[in-house]
Structures are given as C-alpha cells and as structure tokens.
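A short worksheet on the structure shown next.
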Amino acid sequence: MANRGALSDQVERKIQALRGVPFGPDSDRPLTMSEAGVDPVENSGDSDHYLRILFGDIGEVVGVDFLESLDPVLLEQYCVMTVQRNEPGGEMLRTLISAFMSAYAQPTSSDEAMDILGNLVAIPAASHRAILHV
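Here the sequence shown stands for residues 1 to 134, where the numbers follow UniProt numbering.
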C-alpha cells in the first residue's frame, strides 16, 4: 500500500505540472475529461477532482515511484482514455506488468514476450508518424 502522504504529494505535483500546458494535439493533450463525458466542476466544484482520483488509483495499484516516473501529460491522457473506455487504469497497468513478467519468465515464451513488447513500444511512434503525414 502506498504512503498516503507521498502519494498525495505526487498526485499534486503531476496536476501542477499540467497547469501551464495548453490543451490540444500540438501539446499532446487532445483528450479532455469533458470529451470523455465528465464535467469535473459540476460534480465536485474542482476541475482536477477526477484526475486526483485517477492518478491516485494508479499510485495505489502500481506504486508512487512508478507514478513519479510518468510524464504528466501522458498520465493525464491515459487516465482520460480509461474514462472514455470505462476501464480500470491502475488495474490494467498491474495486469500488463504481471502478464509480461509471466510470459518473459518462461523460456518457451520469453522471445514472444519481447516481440510483443517491441510491437507495443512501436505503436505510439507509428501513430505519431501517421498523424504528421495526414
């Protein structure tokens, strides 16, 4: 279980880091909570309410150190996508890590695990190149 104080501090640092970054594809922030069908201010009076919950979930599930290592914009966009798709962000990361470790730890599947990891890593680069050529 994460240290509540450390987790809360890290969540706040991530939210503060987002403050000066404009929304839109030019700053890698095309997704917003309102586009995901959520109006954070309507439900809590705080525009960062849901991000705090979502960032905190990731920190609780995979750890504060992992949360600290993430780019704030990528973290936010990941969380917004989990809302759009109605999927559990922290649990998906735990499952991804566990599944990779299980596959990699077996001599019969370690090569395939590395191939899949390589393919997964290549997806964002390919998507970014496709957007630039449109």
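Cβ coordinates follow ideal geometry from the N, Cα and C atoms, glycine included.
- From the DSSP output, in three-state form, read off Arg4 for me. helix
- State the beta-bridge partners of Arg29 as determined by DSSP. Gly24
- Query: At which residues does the alpha helix (DSSP H) containing Leu70 begin and terminate?
  - Reply: Per DSSP, Leu70 belongs to no alpha helix (DSSP H) and is neither H nor E.
- Query: Span of the alpha helix (DSSP H) holding Ser98?
  - Reply: Gly89 to Tyr104
- Task: Could you check if Glu87 is buried or exposed, using at least 16 other CB atoms within 10 Å of its CB as the buried criterion?
- Result: exposed
- Could you have a look at Pro124 and say whether DSSP puts it in helix, strand or coil? helix
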